[in-house]
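Counting the sequence shown from 1 gives a position; this note's numbering is that position plus 1104. From the three backbone atoms N, C-alpha and C, an ideal C-beta is built for every residue, glycine too. In this text, all values refer to a predicted model and were calculated from it rather than measured experimentally. Below: the structure, in structure tokens.
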Amino acid sequence: MSEADDKKAEIDRALSALCESFPARFLGAETEQALRDENAKILGKKGELSAILKELGRVAPEARKAIGEAANAVKAKVEAGFEARLRELAMRKRDAELNARPFDLTLPARVPLPRGHRHPISIVREELVQIFRSMGFAVFDGPDIDTEENNFGKLGYPPDHPATDMQDTFYTDKGHLLRSHTSNIQIRAMSTMKPPFAFIAPGTVFRRDDDMTHSPMFHQLEAFLVDEHVTLAHLRGVLSEFAARLFGDGTPVRLRPSYFPFVEPGAEVDLGCPFCKDEKTGKRLGCGVCKHTGFIEIMGCGMIHPTVFEACGIDPEKYSGFALGLGLERTAMVRYGIPNLRMMFENDPRFLSQF
Ligand code: PHE
1105 MSEADDKKAE IDRALSALCE SFPARFLGAE TEQALRDENA KILGKKGELS AILKELGRVA
1165 PEARKAIGEA ANAVKAKVEA GFEARLRELA MRKRDAELNA RPFDLTLPAR VPLPRGHRHP
1225 ISIVREELVQ IFRSMGFAVF DGPDIDTEEN NFGKLGYPPD HPATDMQDTF YTDKGHLLRS
1285 HTSNIQIRAM STMKPPFAFI APGTVFRRDD DMTHSPMFHQ LEAFLVDEHV TLAHLRGVLS
1345 EFAARLFGDG TPVRLRPSYF PFVEPGAEVD LGCPFCKDEK TGKRLGCGVC KHTGFIEIMG
1405 CGMIHPTVFE ACGIDPEKYS GFALGLGLER TAMVRYGIPN LRMMFENDPR FLSQF
């Protein structure tokens, strides 16, 4: 036999050896990756089949075609074997998943999930609303953007009056602004309802201030009552009751004369400081929260000005009433001893989780 014939016989043997051995090798691969590796060893560029065919040049030319065909047949068989085993492994994986212990999506999470709760401003608002509702006040709602007339004009602020400086606010367009207080609700209620009535209006308000104790966006609660023969004594009574429910029985109330264009007389209201009360004597000893005065300033109030009634079409000869307005942030700060107003808007969980 010639050398070329030897080569041919050698290649034939190698091809049939490969053909016989590959099924067992594929079967031995237990994972998709192992199978792909095995397949690459056989059919890859530097794989076993290429290595065998490298010798083709040394075979007699007339025999090459037959070897080529045989090699292609082997290749086709290997490829088919590879695909079959691939499908088999995929099926096995799927069966294993289907037969494994099922996931129970209804099981509770392992870590107890932290629960949120109401924001301190919401807590205070609900408490104040509760106090006033139990005294017979109903809630009257209104928009954050209102007319300059409802926010200033009808409340007795002359155009460009210096009193508006204190509440200089954000104008959306000519004649409209982000309300600078909840007193706009007095106008809205009085222009549409006939007395007697008693309303509260909690809501968001806006001003230009921005420091430790002022924020450009904050919250107020307005309360007002209109009827025949309402006097300052009624206001005093409501304030005393309010102080008692917020800070405890017997909490003293102090009125200091003050100016608001929509009330006459007008006053700032101070309540006895709840933090430095001596339980035996009931005296306020003075502390950091009340700046050692024994009193905390909490709201503005007064008897509704006749011009406000007139602007709303209510007869000031027949009716009278009082109004008060307090800040929710301020109330929360006093209540919880919060030193910086901004903490309430930063949404830091370390702060919020304390309520
Ligand atoms: N609207 C006033 C303010 O924001 C508060 C106030 C309300 C005063 C009602 C008197 C009566 O400063």
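Bridge partner(s) assigned by DSSP for residue i
i            : result
residue 1119 : None; residue 1119 has no bridge partner.
residue 1251 : 1280
residue 1446 : Answer by DSSP bridge pairing: none, since residue 1446 is not bridged.
residue 1275 : 1281
residue 1469 : Within the shown structure, residues of the chain are numbered from 1105 to 1459, placing residue 1469 beyond reach of any answer.
residue 1153 : Its beta-bridge partners do not exist; DSSP assigns none.
residue 1424 : 1331
residue 1302 : 1329
residue 1185 : BP columns for residue 1185 are empty, so no partner.
residue 1315 : 1318
Residues near residue i in its chain [Cβ-Cβ closer than 7 angstroms; skip 5 each side]
i            : result
residue 1368 : 1406, 1407 and 1409
residue 1314 : 1320
residue 1233 : 1243, 1304 and 1306
residue 1127 : 1185
residue 1227 : 1459
residue 1288 : 1246, 1250, 1254 and 1255
residue 1332 : 1422 and 1423
residue 1279 : 1251 and 1252
residue 1239 : 1342 and 1345
residue 1182 : 1126, 1146 and 1147
residue 1129 : 1142
residue 1363 : 1370
residue 1352 : 1378
Assigned secondary structure, residue i (DSSP; H/G/I helix, E/B strand, else coil)
i            : result
residue 1148 : coil
residue 1310 : strand
residue 1290 : helix
residue 1441 : coil
residue 1324 : strand
residue 1199 : helix
residue 1141 : helix
residue 1429 : strand
residue 1205 : coil
residue 1417 : coil
residue 1106 : coil
residue 1134 : coil
residue 1344 : helix
residue 1210 : coil
residue 1451 : coil
residue 1066 : Residue 1066 lies beyond the stretch modelled for the chain, which goes from 1105 to 1459, so this question has no answer here.
Beta-carbon proximity list for residue i, same chain, < 8 angstroms, skipping 5 on both sides
i            : result
residue 1273 : 1255, 1281, 1282, 1283, 1284, 1310, 1311 and 1312
residue 1151 : 1144 and 1145
residue 1135 : 1193
residue 1447 : 1455
residue 1382 : 1388 and 1389
Residues near residue i in its chain [Cβ-Cβ closer than 6 angstroms; skip 5 each side]
i            : result
residue 1068 : There is simply no residue 1068 to check, as the chain begins at 1105 and stops at 1459 in what is shown.
residue 1435 : 1228
residue 1118 : 1156
residue 1361 : 1371
residue 1133 : 1139 and 1142
residue 1172 : none
residue 1356 : 1376
residue 1084 : Only positions 1105 to 1459 of the chain appear in this structure, which leaves residue 1084 out of reach.
is_contact[residue i, chain B] using C-beta, thresh 8 angstroms
i            : result
residue 1343 : Any reference to chain B falls outside this structure, which holds one protein chain only.
Check: residue i C-beta below 7 angstroms from any heavy atom of the ligand FAD
i            : result
residue 1405 : With respect to small molecules bound, the structure shown includes the ligand PHE and not the ligand FAD.
Every unbroken beta strand (DSSP E) within the region 1214-1266, with a cutoff of 3 residues, ordered by chain: 1249-1251
Ignoring anything shorter than 3 residues or poking outside the region 1352-1413, list the beta strand (DSSP E) runs there in chain order. Within the region 1352-1413, the runs of beta strand (DSSP E) at least 3 residues long that lie entirely inside it are, in chain order, 1357-1361, 1367-1376 and 1399-1408.
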